[in-house]
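Numbering-wise, the sequence shown is residues 474 to 593 according to the numbering used here. Note that CB positions come from ideal geometry on N, CA and C, so glycine has one too. Small disclaimer: the values here were computed from a predicted structure and weren't measured. Written out below as structure tokens is the structure these notes cover.
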Amino acid sequence: MMETTVPLILYGIPNCDTVKKARVWLDQAGVSYRFHNYKSDGVDEGRLRHWVDTLGWEVLLNRAGTTFRKLPDADRADLNADKAIALMIAQPSMIKRPVLEGDGVLLVGFKPDAWAAALG
């Protein structure tokens, strides 16, 4: 499928079903990548800000997940980019997953057709 000079990095949590599907898809497609577990290894604030600047915090913040839903109302109210970034740094499981990043590639969530188009 795709040959890259800059390795792709797949950000996610190993036990997430969607991340597992993405990893299987990448492996079957012969796409080389490095896995970054952002639950155990965290995520760099600068990288997260780049993602937010590129895609918007609304795309990255997983508001449907239990971690976000369990937050106090005050933490969920009046969200903006800075507040969303702070929440995602404090609790990386609030970042939608997976995130696939590489040379000219930044994808959030796993949609096989979109990934094939971006990596093809």
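Beta-carbon proximity check, residue i vs residue j, cutoff 9 Å
i	j	result
V572	L580	yes
I558	R536	no
I482	L534	no
V516	I562	yes
P480	R507	yes
N553	W530	yes
Run of the alpha helix (DSSP H) containing residue i, from where it starts to where it stops
i	result
R507	Unbroken run through R507 is the beta strand (DSSP E), 506–510; no alpha helix (DSSP H).
V516	Run containing V516: none; DSSP gives neither H nor E here.
L499	490–502
L552	L552 -> no alpha helix (DSSP H), and no H or E assigned at all.
Span of the beta strand (DSSP E), counted from its first residue to its last, around residue i
i	result
V532	Here V532 belongs to no beta strand (DSSP E); instead the alpha helix (DSSP H) covers 530–533.
I482	481–485
From the options, residue whose alpha carbon lies closest to that of residue i
i	options	result
G582	G593, L528, D548	L528
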